[in-house]
Amino acid sequence: MGKNLVIVESPAKAKTIEKFLGKKYTVKASVGHVRDLPKSSLGIDIENNFDPKYITIRGKGPVIKELKDVAKKADKIYLATDPDREGEAISWHLSHLLGLDEDEPIRIEFNEITKEAVSEAIKKPRPVNKDLVDAQQARRVLDRLVGYKISPLLWKKLRKGLSAGRVQSVAVKLICDREKEIENFIPEEYWSIKGIFDKDNEMLEADFYGKIIENKEVKMELKSKEEVDKILEGLEDEKYYIDEVKKGTKKRNPYPPYTTSTLQQDASKRLGFSTKKTMMVAQQLYEGIDLKKDGTIGLITYIRTDSTRISDGAIKDTDEFIVENYGKQYSNGGRKFKNKKNGDIQDAHEAIRPTSVRRVPDNIREYLSSDQYKLYKLIWERYVSSQMSSAIYDTMSIKILCREYIFKSTSSKIKFEGFMKVYNINEKDNNKVMTFLLHKGEELKLYKLEPAQHFTQPPASYSEATLIKTLEELGIGRPSTYAPTISTILSREYVVLENKYFKPTELGILVNELLEEYFKNIVNEEFTAEMEEKLDNVADGKYPWKKVVEDFYKDFSKDLIVAEEEIDKIEIEEEVTDVICEKCGRNMVVKYGRYGKFLACPGYPECKNTKPLLQELDVECPLCGGKIVERRSKKGRLFYGCSNYPKCNFVSWDRPIKEKCPNCGGLLVQKRNKNSTTVKCIDKSCGFSKVEKNVKKNI
Numbered sequence: 002m003g004k005n006l007v008i009v010e011s012p013a014k015a016k017t018i019e020k021f022l023g024k025k026y027t028v029k030a031s032v033g034h035v036r037d038l039p040k041s042s043l044g045i046d047i048e049n050n051f052d053p054k055y056i057t058i059r060g061k062g063p064v065i066k067e068l069k070d071v072a073k074k075a076d077k078i079y080l081a082t083d084p085d086r087e088g089e090a091i092s093w094h095l096s097h098l099l100g101l102d103e104d105e106p107i108r109i110e111f112n113e114i115t116k117e118a119v120s121e122a123i124k125k126p127r128p129v130n131k132d133l134v135d136a137q138q139a140r141r142v143l144d145r146l147v148g149y150k151i152s153p154l155l156w157k158k159l160r161k162g163l164s165a166g167r168v169q170s171v172a173v174k175l176i177c178d179r180e181k182e183i184e185n186f187i188p189e190e191y192w193s194i195k196g197i198f199d200k201d202n203e204m205l206e207a208d209f210y211g212k213i214i215e216n217k218e219v220k221m222e223l224k225s226k227e228e229v230d231k232i233l234e235g236l237e238d239e240k241y242y243i244d245e246v247k248k249g250t251k252k253r254n255p256y257p258p259y260t261t262s263t264l265q266q267d268a269s270k271r272l273g274f275s276t277k278k279t280m281m282v283a284q285q286l287y288e289g290i291d292l293k294k295d296g297t298i299g300l301i302t303y304i305r306t307d308s309t310r311i312s313d314g315a316i317k318d319t320d321e322f323i324v325e326n327y328g329k330q331y332s333n334g335g336r337k338f339k340n341k342k343n344g345d346i347q348d349a350h351e352a353i354r355p356t357s358v359r360r361v362p363d364n365i366r367e368y369l370s371s372d373q374y375k376l377y378k379l380i381w382e383r384y385v386s387s388q389m390s391s392a393i394y395d396t397m398s399i400k401i402l403c404r405e406y407i408f409k410s411t412s413s414k415i416k417f418e419g420f421m422k423v424y425n426i427n428e429k430d431n432n433k434v435m436t437f438l439l440h441k442g443e444e445l446k447l448y449k450l451e452p453a454q455h456f457t458q459p460p461a462s463y464s465e466a467t468l469i470k471t472l473e474e475l476g477i478g479r480p481s482t483y484a485p486t487i488s489t490i491l492s493r494e495y496v497v498l499e500n501k502y503f504k505p506t507e508l509g510i511l512v513n514e515l516l517e518e519y520f521k522n523i524v525n526e527e528f529t530a531e532m533e534e535k536l537d538n539v540a541d542g543k544y545p546w547k548k549v550v551e552d553f554y555k556d557f558s559k560d561l562i563v564a565e566e567e568i569d570k571i572e573i574e575e576e577v578t579d580v581i582c583e584k585c586g587r588n589m590v591v592k593y594g595r596y597g598k599f600l601a602c603p604g605y606p607e608c609k610n611t612k613p614l615l616q617e618l619d620v621e622c623p624l625c626g627g628k629i630v631e632r633r634s635k636k637g638r639l640f641y642g643c644s645n646y647p648k649c650n651f652v653s654w655d656r657p658i659k660e661k662c663p664n665c666g667g668l669l670v671q672k673r674n675k676n677s678t679t680v681k682c683i684d685k686s687c688g689f690s691k692v693e694k695n696v697k698k699n700i
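Mapping the sequence shown onto the working numbering, position 97 (from 1) lands on 98, and the numbers just tick up by one.
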């Protein structure tokens with residue numbers, strides 16, 4: 002009697018699952034895709050209803066031979082590739098290579114790699130879902146048509162090695178558009194007034210808000226110093242009264258558990274992980290970690306999902322865990338989250354969560370690498386907190402009246418931390434006002450009025466987190482596409498990362514302009530989002546996949562003809578500098594790399610000399626008086642050093658500024674966060690530090 006054969010994608014996954022299933026099963030890995038479109042040609046028969054011509058992937062011969070040999074001896078064969086469209090397509094390709102009937106119950110899927118999940122899946126095989134396969138085929142064919150039709154055009158008109166894509170080209174356009182917006186932004190002046198009041202030798206701060214007109218508040222927009230001075234003249238010697246004191250409570254609900262995109266965003270913001278690194282580490286946690294006495298177990302559920310659904314069993318177990326460890330008051334009794342697209346539909350995927358809430362991060366830390374621990378802890382805390390009760394705040398709102406003007410002060414104080422006991426949201430508690438006993442009609446003494454000038458700021462450049470968030474909000478791409486998209490636009494040198502923010506290169510701007518002029522649909526956000534909806538309809542069995550491709554190609558083929566005829570050869574001029582190559586004497590030119598600009602010799606490949614392009618700050622080195630310049634570490638992280646290196650070894654991770662320390666006259670450095678900028682003395686023994694709120698952003 003032969004064994005049953007289970008085929009998965011990853012060798013690591015195969016190793017974990019074989020331990021669960023025992024001697025009656027053989028588990029083999031396809032090592033990813035086994036068939037694909039050929040690299041050397043388009044591989045799509047446009048004249049014959051867009052039929053794809055699949056071939057065996059080069060190098061996969063030994064893997065396929067082994068799978069066929071084992072399959073011949075197996076009693077039953079189960080295809081257990083990943084539970085998504087791409088996984089379904091791989092199972093379909095495997096069924097064709099192994100001569101299996103795709104309509105027979107040969108496909109199994111599980112959302113987590115645990116013994117219980119895998120054993121349960123074996124009991125419920127099903128046929129291959131052809132609708133999901135067709136949705137993946139449509140995506141693959143569309144991407145191939147765009148890539149293989151536009152890319153040669155870019156090579157011919159610009160330079161070799163360039164590419165275009167349905168998602169990547171939109172991402173580049175978003176980055177280019179944002180930089181145009183920043184470049185064209187005109188700052189607008191505005192002013193604020195803060196009132197500081199004395200109440201029994203305690204200071205109460207309140208913001209100037211507006212006038213009373215027919216008992217309604219009107220927010221005043223103060224545009225100039227003259228407007229402010231006029232108001233201040235009438236307020237200095239006036240009396241101030243408490244007009245209203247409101248006390249109440251407010252709730253802050255927990256966040257839903259992670260989807261792929263929200264995990265990538267949070268890992269970027271909280272851990273400093275790139276999307277590529279996040280998905281790599283998450284894959285390790287999903288496929289299985291050796292916990293020694295407990296064996297190898299998948300620690301988290303499937304990592305490519307846009308669902309926030311949680312299984313009933315996981316909700317029940319988590320609720321019991323919360324009650325046992327934190328108390329009943331911290332449990333929400335089993336919260337279910339609605340998915341944005343599907344509402345209450347019980348979709349196949351779950352949110353990203355721990356496979357067992359009882360595997361507390363600190364209890365298994367010794368078995369995890371540093372990165373694995375950080376990411377697992379983030380996932381565990383977000384998930385557990387999603388099943389906890391809301392945080393409750395005591396709130397107070399105060400209105401202070403002076404003639405026809407109002408000053409407002411609001412404050413809050415945590416009354417019950419709820420989910421924030423587990424998930425830190427980095428929120429500072431502002432509870433100063435809560436110590437005051439204030440009553441309506443009570444007079445306050447004015448301590449001083451503080452006017453302040455501000456200027457509106459342009460929107461921030463895209464970071465990895467904000468780019469992913471925008472792509473998701475626009476409905477562009479799928480959870481699995483964001484990491485490879487970002488890797489591609491960086492490797493093609495369309496964009497660079499500067500201080501963790503994307504900046505378009507001249508090449509990226511040029512390619513984007515060309516695509517915008519000749520292939521408007523390819524870089525159109527709405528068109529790309531509509532295409533995603535059509536692919537979803539294909540996956541739901543509502544639309545034939547070849548019709549989607551046909552409709553797209555009608556206009557696309559016309560655009561190709563026009564572009565081929567009208568686009569002239571474009572020469573990209575390199576920026577020549579006055580820096581002389583010390584090896585051959587040529588003037589070095591500016592090139593773009595993964596981490597930004599650098600200098601290279603134009604004599605390549607005869608001369609391969611390169612050196613960093615140093616951006617000078619208008620700040621003197623505190624050690625030798627040389628100029629401080631921007632530098633990059635081997636991993637691309639920005640830091641600041643002396644231009645006289647290696648003679649002078651001054652370095653700082655924080656950006657030095659021209660202003661001197663008011664305490665010791667030394668060098669000040671600044672560190673900018675989302676909401677504030679900390680300015681501090683580089684000499685720790687001095688101790689000077691101040692925090693400034695970032696000015697308003699006009700987004």
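A virtual CB, placed ideally from N, CA and C, is assigned to each residue, including glycine. No experiment lies behind these values; they were computed from the predicted model shown.
Under the three-state reduction of DSSP output, I107 falls in the coil class, being neither helix nor strand. Secondary structure note for C585: it is in no beta strand (DSSP E), with a DSSP letter that is neither H nor E. With contacts defined by Cβ atoms closer than 8 Å, T297 and I353 do not form a contacting pair. When secondary structure is reduced to three states using DSSP, Y424 falls in the coil class, being assigned neither helix nor strand.
Counting only runs of 3 or more residues that sit fully inside the stretch 516 to 585, the beta strand (DSSP E) segments are 577 to 581, in chain order. Between A13 and E288 a beta carbon distance of about 4 Å is seen, short of the 8 Å cut, so the two are scored as contacting. H350 is not bridged by DSSP to any residue.
Note on G626: under 16 other CB atoms within 10 angstroms of its CB, so exposed under the neighbour-count rule. With distances taken between CA atoms, W654 lies nearest to K681 out of C662, K681, T276 and M280.
The shortest C-alpha to C-alpha distance from L639 to any of P623, K672 and C662 is the one to K672. Comparing alpha-carbon positions, the option among A601, D619 and L618 lying closest to T611 turns out to be A601. Contact between the stretch 553 to 562 and the stretch 519 to 533 is present, with at least three C-beta pairs closer than 8 Å. Per DSSP, W192 is one residue of the beta strand (DSSP E) stretching across E190 to K200. For E228, the uninterrupted alpha helix (DSSP H) segment begins and ends at K226 to E234. A check of alpha carbon separations from R359 across L402, D320 and K16 identifies D320 as the nearest. Scanning the stretch 640 to 700 from its first residue to its last, the whole beta strand (DSSP E) runs of 3-plus residues come out as 656 to 661, 668 to 673, 677 to 682 and 690 to 694. Residue environment: G60 is assigned as exposed (fewer than 16 neighbouring CB atoms within 10 Å of its CB, all protein chains considered). The C-alpha of L22 is placed about 52 Å away from the C-alpha of C177. With a contact defined as Cβ atoms closer than 8 Å, L614 and V591 qualify at about 6 Å. In this structure, the straight-line span from the alpha carbon of S387 to that of K555 is close to 47 Å.
Here the alpha carbons of S462 and E190 stand approximately 21 Å from one another. Closest in C-alpha terms to S312, from the list F338, K329, K293 and D295, comes F338. Residue pairing from DSSP places A453 in a beta bridge opposite S193. Considering only T489, L101 and I401, the residue with the shortest C-alpha distance to D208 is I401. Within its own chain, the residues whose Cβ lies closer than 8 Å to the Cβ of E105, once the five positions on either side in sequence are excluded, are P128, listed in chain order.
Out of S357, R632, P657 and S690, the CA that lies nearest to the CA of P663 is found in S690.
For P613, the enclosing beta strand (DSSP E) covers residues T611 to P613. Closest in C-alpha terms to T309, from the list D291, P647, S262 and S413, comes S262. Put simply, the backbone Cα of F111 is about 6 Å away from that of A122. By the Cβ criterion, the stretch 144 to 160 is not in contact with the stretch 479 to 499, since fewer than three pairs of Cβ atoms, one from each stretch, lie closer than 8 Å. For D318, the enclosing alpha helix (DSSP H) has its first and last residue at D313 to Y327.
In the DSSP assignment, I393 falls within the unbroken beta strand (DSSP E) covering A392 to C403. It is roughly 51 Å from the alpha-carbon of E533 to the alpha-carbon of I683. Under the DSSP assignment, R633 falls in the beta strand (DSSP E) whose first and last residues are K628 to R633. Beta-bridge pairing by DSSP links Y242 to L402 and E444.
Straight-line spacing of the CA atoms in E514 and G235 works out to 55 Å.
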